[in-house]
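Here the structure comes first, spelled out in structure tokens, and everything after it is commentary.
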Amino acid sequence: MNNHLQTLTQQVCEVARKAGAYLLSERKNFSEDKIEQKHAHDYVSYVDKSSEDIIVAELRAILPDAGFLTEEGSATHNDEQYWWVIDPLDGTTNYVHGFNPFAVCIALRNKTEILLGVVYEATLDECFYAYKGGGAYLNSQPIHVNSAHAIDQALLGIELPYDSSRYKDIALKLIGHFFGYAGGIRMNGSAAVAICNVAAGRWDGWIERYIGQWDYMAAAIILQEAGGKVTNFDGDEFFLNGDDIVASNSTVHQDLLDALKLTR
Ligand code: LIP
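Our numbering runs 621 ahead of the 1-based position in the sequence shown.
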């Protein structure tokens, strides 16, 4: 199984790079009149949809029996044993503003676990990937969290989801709690790249709710394989079907969960 997963992961990296190259080339001609709004401040364009079409077609050829859960909903899953979880463009708001980062995210999961994940950040040509039991990598180099950082040294991502009405109070309390207490606070507009930043030891923790499985699934296994910890807001490690994620270098995980208790 591991040899198979390793080969499959390399094939998925190629698919993600292909979609990433498409995103980069389309950005040269992108203009605001091509944007549609899904909900308030939640954008989509033909670029997200075409990137998804490219990915779905390639993955169908690689694993014909697998189903799909995709952000733009162009393919579905029923009772398949395995299914792909795809965000064809994570960081859409960054993309439409000509800002970075943005990424292609592809994970393969079953009912109980994530088997592999690939996050390709096209602007820096950074391909993060992992498969179960195989370690985590950035462009073929092994990556690991920085578990030496305690909370007062920790660089934390406190991201702001589209759902401002439900999250505003939580976000303000988290920022109020960590500002001046943690080493620093950032937000970058891509859940997947943020979690990979933790996996690569650049950031030490990250929190967000009201996100899709496609936003975090691929990055979550990359972080786990890099020695980090991923749970939901209650600290439960079975987070796969939820919309709330706490990701960390392990060391600061309890600090993040404790801070979330203060928001209730
Ligand atoms: C977005 C992100 C962003 C997060 C949003 C959203 P999209 O994904 O990753 O960081 O704050 O809630 O999920 O829409 O760009 O794929």
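By construction, the Cβ of each residue, glycine as well, lies at the ideal position given by its N, Cα and C atoms. Fair warning: this is a prediction, and the values are worked out from it, not measured in the lab.
Using three-state DSSP, classify Asp784 as helix, strand or coil. coil
Is any heavy atom in ligand 1 found nearer than 7 Å to the beta carbon of Thr713? yes
Let me know the beta strand (DSSP E) ranges lying completely inside the region 657-735, each 3 residues or longer, listed in chain order. 663-666, 688-691, 704-711, 724-730
DSSP-derived helix/strand/coil call for Gly801: coil
My output table needs one value for Trp824: the three-state DSSP class, helix, strand or coil. coil
Short of 7 Å in beta carbon distance, which residues of its chain neighbour Gly754, apart from the five on each side in sequence? Order them along the chain. Asn623
Who are the Cβ neighbours of Met566 in its own chain at under 8 Å, not counting the five residues just before and after it? Residue 566 cannot be examined here, being either before or after the span of the chain that is shown, 622 to 885.
Taking its Cβ as the centre, do 16 or more other Cβ atoms sit within 10 Å of Tyr667, making it buried, or is it exposed? exposed
Assuming Glu846 is part of the alpha helix (DSSP H), what are its boundary residues? 834-846
Per-residue burial, Glu653 [other beta carbons within 10 Å of its own, 16 or more giving buried]: exposed
Under a Cβ-count criterion, where at least 16 other Cβ atoms within 10 Å of its own Cβ denotes burial, should Lys850 be classed as buried or exposed? buried
Apart from the five residues on each side of it in sequence, which residues of its chain come closer than 6 Å, Cβ to Cβ, to Leu776? Gly804, Gly805, Trp824, Asp825
Collapsed DSSP secondary structure at Arg831 in the structure displayed: It is Tyr, not Arg, that sits at residue 831 in the sequence shown. Correct three-state label for Tyr831: coil.
If contacts are defined as beta-carbon pairs under 8 Å, then Val633 and Ala724 qualify, I think. What distance do you get, rounded to the angstrom? The Cβ separation is near 13 Å, so there is no contact.
For Lys649, does the three-state DSSP call read helix, strand or coil? coil
Can you give me the C-alpha to C-alpha distance between Gly641 and Glu747, rounded to a whole angstrom? 10 Å
How would you write the range of the beta strand (DSSP E) that Leu759 sits in, first residue to last? 757-759
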